[in-house]
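Colleague:
Residue numbers (the working numbering), protein chains in the order written: chain W, 186 to 353; chain H, 1080 to 1434; chain X, 49 to 392; chain F, 268 to 427.
Next up, the structure:
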């Protein structure tokens, strides 16, 4: 794991705590544009977020972002990523946790930790087709229920598919 | 309720189970306005995305512009001239005033004070006029560009802004007489739609709704962007967590915004209004998340670039989307009539929720 | 002689009947215009001013539009009740006008033309009773629509009218105590003798009656049965065309009726201000029904003014207001009035 | 004392009477309605009305068919073709299609226009109602219309 220079001591502390506790589960740490980001093993996601929430005080989920990488990112990377943007108040710090996923691979739902994730996970499920294990109510949120396909995947045509046509 | 209903602020559908008038369960159904913005942005250049962001929160277009533009500039590592930063602040605060005044009208109308709808809109008109004079658009302003602002503020416009700001307190006072002290208004709002600070954080609530629950969290203050650190303003915080407090917080924010605009006008530095930006914008690969304090809450953009002139992925963190999620929580134990009031107090815009 | 007999016995009653139907309609038309203009002016707008002088023909344009509109009935509605409801609402408001005097009797030679159809010794009771029948129309309309908002609107309407009938009854009683009659004409005559309008004698009664009357007529801030931000349009959501127009006219007719009642009971009906005070006798130059109309218009204006100002009550607060404030207040007022009356 | 005064205030409906006073003041106050067809609010200088192509003082098109506006446009409104004028070395447009129904009035095309003065600019024309959808597709000659001619074009009259 490449060492990362972080010029903010509070974020450095977060990194040290995580690396100390989980070590190998942290696949990659990056620090760019003053934003700290961890890529972690999918299996340890809940444990890591739990630690961030309870010990490090990252008490709010800011956003969840789904990614579909058009080209393989390199060794060991998978097609999809889910980004968790966390917040700490007071202190007003942000960290980002990333998990990589393959087609059809499920990731643990973080709703038990952050209630705000409920709709965000539905959105990512809708847009990318990433299933979240343990989510109570995993339905499409934007698209109609009978819609076929996941619009934000890179192989989904911009003009839409036949499922976009209104069935009247 | 909805998607066609007189008070749903757009096309929102609420599945409501009621026992006579008591709300048992409420489930918002969104997506009626989904336009696939995020997909569309992947096929546009960065400059072309900016006017598209106007269409998200169409009540506060400049705030959307600002959030996206700042995110892209952060990714480029671009330094913006001070004058442009100040003009951005002025525009964003004018937009906040316009948004809050529109909200005030909607909210009052939801509770049944039909006149205040018109008063709020009339006051907002002043600020829309300013935006129209500045950039030619009233709602979809397209008032900012990557690298700065497209136009400079001239003396006439500054005078107009000052005049509008001077007129505002009197107008707000009239509205306050009609609402703040009115017993019916207080009955309808006090103790309604309660949410505690812990719950608010848990549900990711941001903006005035969070501040009304007692959490002092304003990105303008805590993680300043675009020179907000230069201005002296207060962040109104109330502890009640009900509709009335959200209303008071927004009214106070209107006053604070006028303070910020005045200071920015006074201190407006001379200089360039655009940084050097190449005609064809190729942004180095990377990812960035930047958020600002929009009128409705924290508005963030995640921008991921792959080195070409088009973004690989833009994700918007819309405050309304997150705030709406807590509606079922706020509505527990309240009456059917309160749903509209609580929904109004959240200040949601469906263009932003559905993207 | 037979000729005049025919005029007096047939033509005048028929004319009166026509007048009783036309009068509420006319007032409705004036009222629609007044309401739209006044609310607009209070909201810094101008309001309709295109159709006719200052938009005075706007109500006719509205009515014309409603005539032309398609009359829609839902598939799942109950056809009979759905059709009966607007008629019932309309009918009850119009019928009540039969007992409402429109002015003092006019003397034509030996014949005395009374400006009412029937002078009943229990006129007040009849009017109140008939106007309450309209709630059946509201219930039928809400129920027969087979739709959620109308149903809720109808439910609210029932509870609201039930609650507010009580303070109305109690305050009416205090007036009756002084007038010693429940004949509407007698009440006015009594005020003429008493030299003071009951409204100034019994201010609490008047205020309670007025607040309850606003609630009775489903007007803002008590317009819960048709709260548009909650229930779309309440019990008449599913109505269109003429059926909707019936509801609409009935609502305004009801307002006019209630205003007439207030004027008769508390503000001396067609009497000029300061009745039987010699110093103000010159005010009698203006005919009674003009005074009467002016007073009614004032209360109709007050309706609109209140609507333009206040937010809407919530359902539970509406009931609380009735049972915790108005009814105790009315009872207390009733006791005090009874005591004073007993002593006098 | 405070409680008493509050009770009295509540009992005598002070808050409501104050509210009534405010609306009464507005009732007699200045009205803000602008009676549209007779009065028209002046458009500000940068108002974004319908896009229009401009000619120079000799009636020569300013547009040089460089297609910068087309590239700048985020919604693919434009379809432009130009030919080189045999006499001069400049280009002039022979086809300039603009789709009003796609336009978002963002102004990127105006900013991109390289000529001085800019050949494509926003006009002050904001009346763009039409009953015929084909009228939303402008061609080269329609881009120069203004005022009454433009309205005639929208009404579906002579397509000049």
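For glycine and all other residues, C-beta sits at the position ideal for the given N, C-alpha and C.
#1: Nearest to residue 1400(H) by alpha carbon, out of 1094(H), 1096(H), 1108(H) and 1196(H)?
#2: Could you check whether residue 281(W) and residue 213(W) sit closer than 9 Å to each other, using their CB atoms as the reference points?
#3: Quick one, which residues of the region 1123 to 1150 of chain H are near chain F if we go by CB-CB under 9 Å, in chain order?
#4: Is residue 94(X) close to chain F, meaning its C-beta is less than 9 Å from at least one C-beta of that chain?
#5: Could you give the uninterrupted runs of the alpha helix (DSSP H) lying entirely in the region 211 to 241 of chain W, keeping only those of 4 residues or more?
#6: From residue 49(X) to residue 69(X), what does the alpha carbon distance come to, in whole angstroms?
#7: Residue 289(W): which of 231(W), 206(W), 334(W) and 195(W) sits nearest, CA to CA?
#8: List the residues of chain F that residue 357(X) touches, going by C-beta distances under 7 Å, in chain order.
#9: Residue 1178(H) and residue 1209(H): beta carbons closer than 9 Å?
#10: Pop quiz: residue 1478(H) and residue 1252(H) are said to be a contact at Cβ under 8 Å. What is the actual Cβ separation, rounded to whole angstroms?
#11: Going along chain X, which residues have a C-beta under 7 Å from residue 270(F)?
#12: Return no unless some Cβ of chain H is closer than 9 Å to the Cβ of residue 299(F).
#13: In the DSSP assignment, what residue or residues form a beta bridge with residue 388(F)?
#14: For residue 65(X), name the three-state secondary structure that DSSP assigns.
#15: Under 8 Å between beta-carbons, which chain H residues line up against residue 309(F)? List them in chain order, please.
#16: Would you check if there are 3 or more beta carbon pairs closer than 8 Å linking the region 1409 to 1427 of chain H to the region 1305 to 1312 of chain H?
#17: Taking 9 Å as the CB-CB limit, is residue 1402(H) close to chain X?
#18: Helix, strand or coil for residue 339(X), going by three-state DSSP, please let me know.
#19: Which residues in the same chain as residue 380(X) place their Cβ atom closer than 6 Å to its Cβ, once the five residues preceding and following it in sequence are excluded?
#20: Is residue 336(W) buried or exposed, if buried means 16 or more other CB atoms sit within 10 Å of its CB?
#21: State the Cα-Cα distance for the pair residue 136(X) and residue 176(X), rounded to the nearest angstrom.
#22: Give every residue of the same chain whose Cβ lies closer than 6 Å to the Cβ of residue 311(F), excluding the five residues on either side of it in the sequence, and list them in chain order.
#23: Could you work out which residue in 284(W), 264(W), 270(W) and 248(W) is closest to residue 210(W) when comparing CA atoms only?
#24: Beta-carbon within less than 7 Å of residue 1247(H)'s beta-carbon, same chain only, minus the 5 sequence neighbours each way: which residues are those?
#25: Using the three-state DSSP reduction, which class does residue 295(F) fall into: helix, strand or coil?
#26: Going by Cα to Cα distance, which pick from 1339(H), 1267(H) and 1330(H) is closest to residue 1291(H)?
#27: Would you mind working out which of 360(X), 202(X) and 133(X) sits nearest residue 1419(H), comparing C-alpha positions?
#28: Can you list, in chain order, the residues of the region 1260 to 1281 of chain H whose Cβ is nearer than 8 Å to any Cβ on chain X?
#29: Got a sec: which bits of the region 200 to 221 of chain W sit with their beta carbon under 7 Å from any beta carbon on chain H, in order along the chain?
#30: Just verifying my parser: in three-state terms, what is the DSSP assignment at residue 301(F)?
#31: Is any beta-carbon of chain X found at less than 9 Å from that of residue 1198(H)?
#32: Taking the C-alpha atoms as reference points, what is the distance between residue 203(X) and residue 79(X)?
#33: With H, G and I counted as helix, E and B as strand and the rest as coil, what does DSSP make of residue 1414(H)?
#34: How long is the line joining the alpha carbons of residue 1416(H) and residue 66(X), rounded to whole angstroms?
#35: Give, in chain order, every residue of the region 280 to 297 of chain W whose Cβ lies closer than 8 Å to some Cβ of chain H.
#36: Give the DSSP-derived three-state secondary structure of residue 124(X) in the structure shown.
Modeller: According to the structure shown:
#1: In the second chain, the residue the question calls residue 1400(H) occupies position 321. Selected option, being the one with the closest Cα: 1108(H).
#2: Reading the first chain from its first residue, position 28 is the one you call residue 213(W). Reading the first chain from its first residue, position 96 is the one you call residue 281(W). No, the pair does not count as a contact, with Cβ atoms beyond the cut-off.
#3: Of all residues in the region 1123 to 1150 of chain H, the ones placed with a Cβ closer than 9 Å to any Cβ belonging to chain F are 1123, 1124, 1126, 1127, 1128, 1129, 1130, 1131, 1133 and 1134, in chain order.
#4: Counting from one through the third chain, the residue named residue 94(X) turns up at place 46. For residue 94(X), the answer is yes, since a Cβ of chain F falls inside 9 Å of its Cβ.
#5: For the region 211 to 241 of chain W, whole alpha helix (DSSP H) runs of length 4 or above, ordered along the chain, are 230 to 239.
#6: For this step, residue 49(X) is matched to residue 1 along the third chain. For this step, residue 69(X) is matched to residue 21 along the third chain. Note that residue 49(X) scores a pLDDT of 48, beneath 50, so its modelled location is shaky; the value from the coordinates is reported in the next line. Residue 49(X) and residue 69(X): Cα-Cα distance of roughly 30 Å.
#7: Translated into the one-based positions of the first chain, residue 289(W) becomes position 104. It is 334(W).
#8: Residue 357(X) sits at position 309 when you count from the first residue of the third chain. Within chain F, the residues near residue 357(X) are 286, 287 and 290.
#9: The sequence position of residue 1178(H) within the second chain is 99, counting from 1. The sequence position of residue 1209(H) within the second chain is 130, counting from 1. Against a cut-off of 9 Å, the Cβ pair of residue 1209(H) and residue 1178(H) comes out as no contact.
#10: Since the first residue shown for chain H is 1080 and the last is 1434, residue 1478(H) is missing from the structure and cannot be characterised.
#11: For this step, residue 270(F) is matched to residue 3 along the fourth chain. By Cβ distance, chain X contributes nothing, its closest Cβ being about 17 Å from residue 270(F), past 7 Å.
#12: Indexing the fourth chain from 1 puts residue 299(F) at position 32. Output row for residue 299(F): interface = yes.
#13: The residue given as residue 388(F) occupies position 121 in the fourth chain. In the DSSP output, where bridge partners are listed per residue, residue 388(F) has 319(F).
#14: On the third chain, residue 65(X) is found 17 positions in, with the first residue counted as 1. Assignment of residue 65(X) by DSSP, reduced to helix, strand and coil, places it in the helix class.
#15: Locating residue 309(F) in the fourth chain gives position 42, counting from the first residue. Chain H residues near residue 309(F): none, gap ~11 Å exceeds 8 Å.
#16: With contact defined as three or more Cβ pairs closer than 8 Å, the region 1409 to 1427 of chain H and the region 1305 to 1312 of chain H are not in contact.
#17: Here residue 1402(H) is taken as the residue at index 323 of the second chain, counted from 1. Not an interface residue.
#18: Position 291 of the third chain, counted from the first residue, corresponds to residue 339(X). Here residue 339(X) sits in helix by DSSP.
#19: Residue 380(X) sits at position 332 when you count from the first residue of the third chain. Once the five neighbours on either side are set aside, residue 380(X) has no close Cβ partner at all.
#20: One-based indexing of the first chain puts residue 336(W) at position 151. Burial is judged here by how many other beta carbons sit within 10 angstroms of a residue's own beta carbon; residue 336(W) has at least 16 and is buried.
#21: Against the third chain, residue 136(X) aligns to sequence position 88. Against the third chain, residue 176(X) aligns to sequence position 128. Distance between the alpha carbons of residue 136(X) and residue 176(X): 15 Å.
#22: Taking the fourth chain and counting its residues from 1, one reaches residue 311(F) at position 44. Excluding positions up to five away in sequence, the list is empty.
#23: Position 25 of the first chain, counted from the start, is the residue given in the question as residue 210(W). For residue 210(W), the nearest C-alpha among the options comes from 284(W).
#24: On the second chain, position 168 is the one that residue 1247(H) refers to. Cβ neighbours of residue 1247(H) within its own chain (closer than 7 Å, five residues either side excluded): 1202 and 1337.
#25: Against the fourth chain, residue 295(F) aligns to sequence position 28. Here DSSP, grouped into helix, strand and coil, assigns residue 295(F) to helix.
#26: On the second chain, residue 1291(H) is found 212 positions in, with the first residue counted as 1. In this structure, 1330(H) is the residue among 1339(H), 1267(H) and 1330(H) with its C-alpha nearest to the C-alpha of residue 1291(H).
#27: As a working mapping, residue 1419(H) is identified with position 340 in the second chain. Per the Cα distances, 360(X).
#28: Taken in chain order, the members of the region 1260 to 1281 of chain H whose beta-carbon sits within less than 8 Å of a beta-carbon on chain X are 1261, 1263, 1264, 1266 and 1267.
#29: Cβ contacts with chain H come from 217, 218 and 220.
#30: Along the fourth chain, one-based indexing puts residue 301(F) at 34. Here residue 301(F) sits in coil by DSSP.
#31: Stepping through the second chain from its first residue, residue 1198(H) is reached at position 119. For residue 1198(H), the answer is yes, since a Cβ of chain X falls inside 9 Å of its Cβ.
#32: Taking the first residue of the third chain as position 1, residue 203(X) is located at position 155. Taking the first residue of the third chain as position 1, residue 79(X) is located at position 31. The C-alpha of residue 203(X) lies about 27 Å from the C-alpha of residue 79(X).
#33: Within the second chain, the letter at position 335 stands for residue 1414(H). Looking at residue 1414(H) - three-state DSSP - the assignment turns out to be strand.
#34: As a position in the second chain, residue 1416(H) is number 337, starting the count at 1. As a position in the third chain, residue 66(X) is number 18, starting the count at 1. Rounded to whole angstroms, residue 1416(H) and residue 66(X) show a C-alpha spacing of 42 Å.
#35: For the region 280 to 297 of chain W, the beta-carbon criterion of a distance under 8 Å to any beta-carbon of chain H is satisfied by 281.
#36: Within the third chain, residue 124(X) is the residue found at index 76, counting from 1. Note: residue 124(X) maps to coil in three-state DSSP.
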